[in-house]
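So in the working numbering, the last spot in the sequence shown is 1446, and the numbers never skip.
Quick reminder that beta carbons are idealized off the backbone N, C-alpha and C, glycines included.
These numbers come from a predicted model, not from an experiment.
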Amino acid sequence: MRIRPAAPAVLAAAVLVGLAASPSQAAAHQSGVHIGLVQFDSPGKDTRSNASLNGEWVNIHNNTRSAVQLKGYKLKDDTGYTYTFGSYRIGAGKTVKVRTGKGRNVSGTVYWNRGAYVWNNTGDKARLYTAKGTLGDSCSWKTAKSGQKNCH
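So this is what it looks like as structure tokens:
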């Protein structure tokens, strides 16, 4: 098989194009731990019951290959309502759901323990800050019939 002189140059160009595309993809979820799906409008009527409050939630996803300790991470809305993670270890490729209402934290679900809604149905922005205070990810929405925003 004869290798043409242009083949190495074409291969090198393809690799460079792939590398150039990677930073923009990485920028979408800078920290590796990011906001996934947001259920900003609790299904049904907004009754402020605990069940209704817990129908409002944000998934935080770890797309790294290692577990990450979330202690000190903060989830904030536009108003400034803030959920601060206590000691919580999220496994590689795993998701933790942050529910607005009250409950007992278990594997895969933590509770904000609020008595009122956090996320505005007509538009809001969720921000996830690392324990060092760096913005790790954000996701905004205007409104949606489904009451959800996929932030992946």
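Burial state of residue i (16 or more Cβ within 10 Å)
{"i": "residue 1363", "result": "exposed"}
{"i": "residue 1398", "result": "exposed"}
{"i": "residue 1394", "result": "buried"}
{"i": "residue 1338", "result": "exposed"}
{"i": "residue 1349", "result": "buried"}
{"i": "residue 1446", "result": "exposed"}
{"i": "residue 1417", "result": "exposed"}
{"i": "residue 1429", "result": "exposed"}
{"i": "residue 1387", "result": "exposed"}
Alpha carbon of residue i to alpha carbon of residue j, nearest angstrom
{"i": "residue 1336", "j": "residue 1359", "result": "32 Å"}
{"i": "residue 1357", "j": "residue 1419", "result": "21 Å"}
{"i": "residue 1412", "j": "residue 1385", "result": "26 Å"}
{"i": "residue 1341", "j": "residue 1365", "result": "31 Å"}
{"i": "residue 1405", "j": "residue 1392", "result": "6 Å"}
{"i": "residue 1400", "j": "residue 1415", "result": "27 Å"}
{"i": "residue 1373", "j": "residue 1334", "result": "14 Å"}
{"i": "residue 1351", "j": "residue 1396", "result": "12 Å"}
{"i": "residue 1440", "j": "residue 1328", "result": "21 Å"}
{"i": "residue 1326", "j": "residue 1344", "result": "31 Å"}
{"i": "residue 1435", "j": "residue 1377", "result": "19 Å"}
{"i": "residue 1431", "j": "residue 1407", "result": "23 Å"}
{"i": "residue 1444", "j": "residue 1438", "result": "11 Å"}
{"i": "residue 1330", "j": "residue 1421", "result": "11 Å"}
Reference residue i, options the options, closest by Cα
{"i": "residue 1423", "options": "1379, 1414, 1339, 1349", "result": "1379"}
{"i": "residue 1433", "options": "1344, 1400, 1354, 1346", "result": "1354"}
{"i": "residue 1390", "options": "1381, 1383, 1403", "result": "1403"}
{"i": "residue 1346", "options": "1410, 1428, 1417, 1421", "result": "1410"}
{"i": "residue 1382", "options": "1431, 1367, 1436", "result": "1367"}
{"i": "residue 1370", "options": "1443, 1387, 1427", "result": "1427"}
Identified DSSP bridge partners for residue i
{"i": "residue 1418", "result": "1435"}
{"i": "residue 1331", "result": "1444"}
{"i": "residue 1411", "result": "Partner(s): none; residue 1411 has no beta bridge."}
{"i": "residue 1347", "result": "In DSSP, residue 1347 forms no bridge with anything."}
{"i": "residue 1423", "result": "1368, 1429"}
{"i": "residue 1405", "result": "1393"}
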